[in-house]
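Heads up, the sequence shown is in the numbering used here, so the first residue is 159 and it goes up one at a time.
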Amino acid sequence: MMFSRSSGVLAHVTSLPSPHGVGTMGKTAYDLVDFLADARQTYWQVLPLGHTGFGDSPYQCFSAAAGNPYLIDLDLLVEDGLLTAAEVKAGDFQAPPDAVDFEQLADTRWPLFRAAYARVDETLRGKIAAFTEANAAWLPDYALFMTLKEEKYHDMPVYMWPDKAVRDRQPEALARVTDELRDEIDFRIFLQYIFFSQWKALRAYANEKGIQIIGDIPIYVSADSSDVWTHPELFQLKADRSPKLVAGVPPDYYSATGQLWGNPVYDWDAHRAENFAWWIWRMQSNMALFDVVRLDHFRGFESFWEVKAGSENAIKGKWRKGPGMELFHALENALGPMRLIAEDLGVMTDEVRHLLADSGLPGMRVLIFGFTPGYDNEHLPHNYAPHSIVYTSTHDSQTVCEQIMDICTEPEKLFAYRYLRTSHAEAMGWSAIKSVWASPAHIAMTTLQDLLSLGADARMNTPATIGGSNWRWRVRKEALNPTVSAMLAEITQTYLRG
159 MMFSRSSGVL AHVTSLPSPH GVGTMGKTAY DLVDFLADAR QTYWQVLPLG
209 HTGFGDSPYQ CFSAAAGNPY LIDLDLLVED GLLTAAEVKA GDFQAPPDAV
259 DFEQLADTRW PLFRAAYARV DETLRGKIAA FTEANAAWLP DYALFMTLKE
309 EKYHDMPVYM WPDKAVRDRQ PEALARVTDE LRDEIDFRIF LQYIFFSQWK
359 ALRAYANEKG IQIIGDIPIY VSADSSDVWT HPELFQLKAD RSPKLVAGVP
409 PDYYSATGQL WGNPVYDWDA HRAENFAWWI WRMQSNMALF DVVRLDHFRG
459 FESFWEVKAG SENAIKGKWR KGPGMELFHA LENALGPMRL IAEDLGVMTD
509 EVRHLLADSG LPGMRVLIFG FTPGYDNEHL PHNYAPHSIV YTSTHDSQTV
559 CEQIMDICTE PEKLFAYRYL RTSHAEAMGW SAIKSVWASP AHIAMTTLQD
609 LLSLGADARM NTPATIGGSN WRWRVRKEAL NPTVSAMLAE ITQTYLRG
């Protein structure tokens with residue numbers, strides 16, 4: 159599987175400008191597509207689009223398939239006749255221009271969503287019914303799960319649900335609560351219909367403009383998710399459906415105590431027994447949403463770090479063997495060739511390198527990891543393999559400007575200046591883009607933050623931390639202007655990427 163010489167920008171939907179406090183699938187998303195097309199880009203990369211849970215992380219979602227209702231655009235609901243402009247204006251809040259206020263979103267969005275749901279007519283009801291039937295493999299279970307969690311059990315995780323018959327999915331208990339909560343279940347199905355309708359239209363527009371969308375599959379699912387509730391046999395769980403063993407990584411670049419993610423690890427023997435049917439469904443669902451899919455934490459497919467649930471950190475864990483090529487053979491046999499990217503950062507071994515080579519997937523390199531004077535680092539552009547996707551920085555790292563100005567030691571900083579051929583802090587982002595674009599890698603990517611040469615206050619996420627400014631950054635509308643798109647277009651044309 160080969161990719162042509164091309165480039166793109168990483169920008170999560172929530173980070174886009176919007177008059178309603180969070181980036182959505184509305185006008186400013188279409189404006190970003192236009193901006194990328196004007197800049198001669200090929201790709202728009204997004205983070206997972208799932209329904210976020212604790213900490214608002216797109217890597218901790220209530221479902222592997224459901225979309226995030228906060229990405230639903232209110233103005234499009236007005237165009238559809240499901241809301242009025244006055245209702246939207248009255249329901250809005252004073253949002254900071256540079257950040258998402260998730261707490262206020264939680265307070266203000268849901269009354270508007272319910273007002274929209276109240277206007278569903280028979281024609282729309284028929285479309286929702288067809289959508290529900292087409293997504294029967296996950297949608298009814300997800301809608302029931304969210305209704306139970308939010309309306310009946312007050313946000314308690316599954317293992318704390320007092321009705322054990324419901325927790326354990328006994329058929330009579332499920333029939334009882336489904337009948338009891340029918341309208342609330344239908345409300346959540348309605349939101350998913352709206353989400354997927356808006357995303358389908360946005361993706362079609364992007365493709366018409368020559369922009370392909372790179373999606374992202376987190377390797378794990380949240381412990382508190384409809385997936386774990388529905389398929390407990392596929393995870394390492396205790397009898398009460400709480401995690402027995404959880405995922406993370408040992409001490410690394412980001413944290414001296416490792417990263418303890420808290421997701422239940424898979425029972426890979428159970429997945430093998432069903433010929434990886436759940437993974438085939440998951441991959442098929444994502445390939446229907448995106449043009450290319452990034453596999454998060456690829457090294458976990460070779461071997462993964464498991465930690466006993468309840469541990470304070472990820473130091474005391476064990477490496478366990480993953481499914482390796484068995485999984486990728488099963489996926490290809492079921493779905494045919496797929497356009498995938500491997501996120502192969504972190505603790506690398508010969509076994510992981512062999513799996514990457516056997517899979518044929520392009521791996522990742524990140525420029526800011528390369529500023530080590532006296533060492534020919536694989537993250538420096540002159541070392542990039544053609545069959546790879548390379549970034550100036552990532553959503554989990556410092557921006558280029560923050561890395562060089564605030565993190566690098568003085569020798570590292572001087573090396574970075576020499577390598578990037580600049581001595582001006584305000585030019586760091588553009589110098590990084592030029593270096594990555596000039597490399598032999600087939601796909602070169604920059605974050606929106608590096609495109610604008612932003613610093614520490616624009617960081618998207620700090621791994622191994624929860625809350626704070628994580629996942630909240632937003633770009634101002636005026637930053638995405640013709641001057642910036644023209645500069646990126648010129649660089650892209652110079653290095654024959656678009």
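Built from N, CA and C at the ideal position, the CB exists for glycine as well.
Does DSSP classify Q417 as helix, strand or coil? Three-state result, Q417: strand.
Buried versus exposed call for D382 [16 or more other C-beta atoms within 10 Å across all chains shown]: With 16 or more other Cβ atoms within 10 Å, it is buried.
Could you check the C-alpha separation between K635 and Y217 for me, to the nearest Å? When rounded, the separation of the alpha-carbon atoms in K635 and Y217 is 26 Å.
I need the boundaries of the alpha helix (DSSP H) containing I343, first residue and last residue. It spans R340 to E366 - the alpha helix (DSSP H) in which I343 sits, taken as one unbroken run.
Is it buried or exposed, G532, if we count other Cβ atoms within 10 angstroms and call 16 or more buried? Exposed, by the Cβ-count rule.
What does the Cβ neighbour count give for P254, buried or exposed, with the cut at 16 atoms within 10 Å? Exposed, by the Cβ-count rule.
S162 classed as buried or exposed, judged by whether at least 16 other C-beta atoms fall within 10 angstroms: By the neighbour-count criterion, in which a residue is buried when 16 or more other Cβ atoms sit within 10 angstroms of its Cβ, S162 is exposed.
Can you tell me the Cα-Cα spacing of L418 and D238, whole angstroms? One alpha carbon belongs to L418, the other to D238, and they sit about 43 Å apart.
Using the three-state DSSP reduction, which class does I601 fall into: helix, strand or coil? Note: I601 maps to strand in three-state DSSP.
Cα-Cα separation between V258 and I230, rounded to whole angstroms: Cα to Cα, the separation comes out at about 15 Å.
Through-space distance from L194 to F354, alpha-carbon basis: Put simply, the backbone Cα of F354 is about 22 Å away from that of L194.
Apart from the five residues on each side of it in sequence, which residues of its chain come closer than 8 Å, Cβ to Cβ, to L525? Excluding residues within five positions, the ones whose Cβ falls inside 8 Å are H537, L538, P539, V548, Y549, T550, S551, V558, A590, S593 and V594.
With K476 as the anchor, note down where its alpha helix (DSSP H) starts and where it stops. Taken as a continuous stretch (DSSP letters only), K476 belongs to no alpha helix (DSSP H), being part of the beta strand (DSSP E) at G475 to K479.
Under 7 Å, do D454 and I371 count as touching if we go by C-beta distance? No, Cβ-Cβ distance for D454 and I371 is not below 7 Å.
Our contact map puts M304 next to F220 with C-beta atoms below 8 Å; I'd like the distance itself, whole angstroms only. About 6 Å separates the two Cβ atoms, so the contact holds.
Whose C-alpha, out of D326, A264 and V316, is nearest the C-alpha of T210? Looking at the Cα atoms, A264 is the closest of the given residues.
Determine the extent of the beta strand (DSSP E) in which K466 is found, giving its start and end residues. First-last of the beta strand (DSSP E) with K466: S461 to K466.
Can you tell me which of the three DSSP states Y424 falls into? Annotated three-state conformation of Y424 is strand, per DSSP.
Just checking my contact of D214 with F251 at CB under 8 Å: how many whole Å lie between their CB atoms? Distance from D214 to F251 at the Cβ level is roughly 16 Å; contact not present, criterion being Cβ atoms closer than 8 Å.
Whole-angstrom Cβ separation of G416 and P408, contact assumed at under 8 Å? The Cβ separation is near 5 Å, so the contact holds.
Grouping DSSP H, G and I as helix and E and B as strand, with all else coil, what is I375? DSSP, read as helix, strand or coil, puts I375 in strand.
Residue of S581, W463 and F348 minimising C-alpha distance to G284: Taking the Cα of G284 as reference, the smallest distance to any Cα among S581, W463 and F348 is reached at F348.
Which one of L190, S461, W387 and M183 has the shortest CA to CA distance from L232? It is M183.
Please look up how many angstroms separate the CB atoms of P175 and R579, rounded, as I've assumed it's under 8 Å. Actually they do not touch by this definition, with Cβ atoms about 32 Å apart.
In terms of DSSP beta bridges, what is F393 paired with? As computed with DSSP, F393 is found in a beta bridge with Y424.
Would you say Q356 and L234 are within 7 Å of each other, going by their C-beta atoms? A contact, by the Cβ cut-off of 7 Å.
N- and C-terminal bounds of the alpha helix (DSSP H) containing W387: Run containing W387: S384 to T388, per the alpha helix (DSSP H) assignment.
Looking only at C-alpha atoms, which of P401, T242 and Q394 sits nearest to Y317? Y317 has its Cα closest to that of P401, out of P401, T242 and Q394.
Residue environment, T567, which counts as buried when at least 16 other CB atoms sit within 10 Å: By the 10 Å Cβ count, T567 comes out exposed.
Roughly how many angstroms separate the alpha carbons of W420 and E308, rounded to a whole number? Checking the sequence shown, residue 420 turns out to be Gly, not Trp. About 21 Å.
Work out the CA separation of Y653 and P598 for me, nearest whole Å. Whole-angstrom Cα-Cα distance: 10 Å.
Below 8 Å on the Cβ atoms is my guess for F393 versus Y424; work out the distance and round it to an integer in Å. Sure, about 6 Å apart at Cβ, within 8 Å.
When DSSP builds the beta bridges, which residues end up paired with V167? For V167, the beta-bridge partners assigned by DSSP are W202 and T604.
Anticipated Cβ contact below 8 Å, H429 with P481, distance rounded: Confirmed, about 7 Å.
Which value, in whole angstroms, describes the spacing of the CA atoms of V278 and A647? Approximately 44 Å, taken between the alpha carbons.
Compute the Euclidean distance between the alpha carbons of E484 and E460, then round it to the nearest angstrom. So the two alpha carbons sit approximately 10 Å from each other.
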